[in-house]
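Number of protein chains: 2
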Amino acid sequence: MNKTDLQKIHNRIKPYVHRTPVLTSHFFNKITGVELFFKCENFQKMGAFKMRGATNAILNLTKEQKSKGVVTHSSGNFAQALALAAESIGVKAFIAMPENAPQVKKEAVLGYGGIIKECDSNAIAREMEADKIQLETGATFIHPSNDDDVIHGQGTAAIELLEDYPNLDYIFTPVGGGGLLAGTILAANSFSEKCKVIAGEPANADDAYRSLISGKIELNRTTHTIADGLRTNLGDRNFPIIKEHVAGIIRVEENEIINATKLIWERMKLVVEPSSAVAIAAVLKNKENIKGQKVGVIISGGNVDVSNLPF
Amino acid sequence: MNKTDLQKIHNRIKPYVHRTPVLTSHFFNKITGVELFFKCENFQKMGAFKMRGATNAILNLTKEQKSKGVVTHSSGNFAQALALAAESIGVKAFIAMPENAPQVKKEAVLGYGGIIKECDSNAIAREMEADKIQLETGATFIHPSNDDDVIHGQGTAAIELLEDYPNLDYIFTPVGGGGLLAGTILAANSFSEKCKVIAGEPANADDAYRSLISGKIELNRTTHTIADGLRTNLGDRNFPIIKEHVAGIIRVEENEIINATKLIWERMKLVVEPSSAVAIAAVLKNKENIKGQKVGVIISGGNVDVSNLPF
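Residue numbers (my numbering), protein chains in the order written: chain A, 8 to 318; chain B, 8 to 318.
Written as structure tokens, this is what we have:
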């Protein structure tokens, strides 16, 4: 995937996504000693970067495939992203969702025109339900993070960030399923001579950190993290990219995630989800090593129940 | 105050304030049928538009006056604004604050280098304390809203909004003490041929609404509103401007203020204070009368205790 290919992908999805603003903060610059540039994907359509990858994956289908729709399993942002992207492009989206998923998340998917198929609340049941939908409808399965088109789409946030600030030394992202991290790496490698990519990961769901050490995909031992977007495991499409190019994975504790979330709300006046704050918490934890550098941070999303906050 | 004078004021304060971004929202456009442009003063230094007026008032002092400092009475955003503006310009700021003001507000003022003088928690005690400080120090008193320089400074948010979007039909602001509303009116009259200004006001603190009807300054009968920045009364410097030019004052109930606050947090991913949401609540309540129009909204500030939300 070279620069020209990524540029084509970016141009292709542009009509369907927002070019989100990049904000700066004297406060965060001051407490870190780092020059920070926050790419606000919480302002993205449906409230998260996932809109980019979902859009790219659907646009890449054949006319025949589009006519039969798409299917995924997710109870989080990718469910909403696939539903909204499909609606924008005029394609049906089937979403396998746990029956005990919060009503507000189901309503969001329905609001974007998604067709929910309920299943039991475990990974195997969700995959079986998605398989069943594929068989019954002929819909194309699109994985939330372990899919080349999804990975390339997620990378377009970093392309825009580097277009706006070409001299970044680092970009920080959170890592969950690995789609955003792998996409950001591909973009940074193509659009910058020097920009390295570092990921923040909850210590309580540190599959990526351990995978990097062992050299093969490790699974999460627990998923007890408030960063609900980062409970998933890496996959065989994104891990090779991450393994080869990531400059580091920084694990952060739950209290660090909560503190970072609150700081961003209070000082930057931005509603961000805890999964996004993981990248900021990683910057705060690693600040001595990046002092004086220009550092982009992908604020991955802002979908959070404001009536039920951890502070 | 003509366009050239206002332009001079704007240029003078520019080095001390942020040019805040203007955001749009498909969601709010859709539910209102109005084309909305949100001027995000919650991203302003110290988190509110008050930084503009405080800066202008201090810059307008003589060298002799500056050497003796400034004084105000406020427990809200103007206390922080005057402290930070004074610090930026190299002037002392004395703030008369009720002794029972929240510790977080006192710390914010102290953090910006302000000198707090505590007093009893009522209007007379605060004014007496401010008088005493003036006598003892020679500091110049600067009123949070009823001061020409403060009014002109607050108007610069609307100048920027109209520079970015010259074809606005209306600008909505909240009204409390009247400084932002009067300043916005002066700016709209000078920088647009057609732009009218409408204010939102809490029904529970509706002095401006009743003053407009009676033609003289009426006092608030209650201040039982969550919009804590809007509990103050109009003054003789701003009321004449408002009386002559405001296109309407729309009263909103407490539940409308809370609902609007939550909507902005959830859908625009912006941390705004309830006082700001009053302007949005007024847009929502008045949407039928401004359908299809281009409407600016001043998001006045984002200083809110995120651990203590009304939803």
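Built from N, CA and C at the ideal position, the CB exists for glycine as well.
Note that the structure is predicted; figures quoted are calculated from it, not measured.
How big is the Cα-Cα spacing for residue i and residue j?
i: A/Glu136; j: A/Val29; result: 39 Å
i: A/Lys37; j: B/Lys52; result: 14 Å
i: B/Gly185; j: B/Ser82; result: 17 Å
i: B/Gly190; j: B/Val41; result: 24 Å
i: A/Phe44; j: A/Val304; result: 6 Å
i: B/Gly222; j: B/Ala165; result: 26 Å
i: A/Cys47; j: A/Asn315; result: 22 Å
i: B/Gln300; j: B/Leu175; result: 8 Å
i: B/Pro109; j: A/Asn296; result: 37 Å
i: B/Lys113; j: B/Arg217; result: 33 Å
i: B/Ala55; j: B/Ala86; result: 11 Å
i: A/Glu71; j: A/Lys21; result: 23 Å
i: A/Leu187; j: A/Ile158; result: 6 Å
i: A/Val1; j: A/Asn310; result: Within the shown structure, residues of chain A are numbered from 8 to 318, placing residue 1 of chain A beyond reach of any answer.
i: A/Ile257; j: A/Pro281; result: 16 Å
i: A/Gly255; j: A/Lys203; result: 9 Å
i: B/Val313; j: A/Glu273; result: 7 Å
i: B/Gly207; j: B/Leu226; result: 17 Å
i: A/Thr239; j: A/Asn107; result: 18 Å
Return no unless some Cβ of chain A is closer than 8 Å to the Cβ of residue i.
i: B/Pro281; result: no
i: B/Ser128; result: no
i: B/Leu277; result: yes
i: B/Gly120; result: no
i: B/Gly97; result: no
i: B/Glu273; result: yes
i: B/Lys113; result: no
i: B/Lys269; result: yes
i: B/Asn49; result: yes
i: B/Val29; result: no
i: B/Gly309; result: yes
Apply the 10 Å Cβ neighbour rule to residue i and answer buried if 16 or more other Cβ atoms are within range, or exposed otherwise.
i: B/Thr232; result: buried
i: A/Arg228; result: exposed
i: A/Ser199; result: buried
i: A/Thr11; result: exposed
i: A/Ala90; result: buried
i: B/Lys298; result: exposed
i: A/Glu143; result: exposed
i: A/Ala195; result: buried
i: A/Lys201; result: exposed
Less than 8 Å between C-beta atoms, sequence neighbours within five positions excluded: which residues of the same chain meet that for residue i?
i: A/Ile96; result: Tyr23, Thr62, Ile65, Leu66 and Lys73
i: B/Gly160; result: Ile16, Ile20, Arg59, Gly60, Ala61, Thr62, Asn63, Ala64 and Gly190
i: B/Asn9; result: Ser197
i: A/Val77; result: Ala64, Ile65, Leu68, Leu89, Ala93, Val98, Lys99, Ala100, Phe101, Ala146, Thr147, Phe148 and Ile149
Per DSSP, what kind of secondary structure is residue i in: helix, strand or coil?
i: B/His80; result: strand
i: A/Phe56; result: coil
i: B/Glu200; result: coil
i: A/Gly236; result: helix
i: B/Val302; result: strand
i: B/Lys46; result: strand
i: A/Thr180; result: strand
i: A/Leu270; result: helix
i: B/Thr27; result: coil
i: B/Leu68; result: coil
i: B/Gly97; result: coil
i: B/Ala206; result: strand
i: A/Arg258; result: strand
Leaving out five residues before and five after residue i in sequence, what residues of the same chain have Cβ atoms less than 7 Å from its Cβ?
i: A/Ala92; result: Tyr23, Met58, Ala61, Thr62 and Ile65
i: B/Ile248; result: Ala189, Ile192 and Leu193
i: A/His25; result: Phe50, Gln51 and Lys52
i: A/Asp155; result: Arg244
i: A/Glu260; result: Ala210
i: B/Ile271; result: Leu277, Val279, Ala284 and Ile287
i: B/Phe318; result: Ile265 and Lys269
Which same chain residues end up closer than 6 Å to residue i when comparing Cβ atoms and leaving out the 5 residues on each side of it in sequence?
i: B/Asn266; result: none
i: A/Arg133; result: His80, Ala103 and Cys126
i: B/Thr163; result: His17 and Arg59
i: B/Leu169; result: Phe198 and Ser199
i: A/Thr7; result: Residue 7 of chain A lies beyond the stretch modelled for chain A, which goes from 8 to 318, so this question has no answer here.
When you compare the CB of residue i with every CB in chain B, is at least one pair closer than 8 Å?
i: A/Pro109; result: no
i: A/Gly255; result: no
i: A/Phe45; result: no
i: A/Asn36; result: no
i: A/Val313; result: yes
i: A/Phe318; result: yes
i: A/Gly145; result: no
i: A/Gly83; result: no
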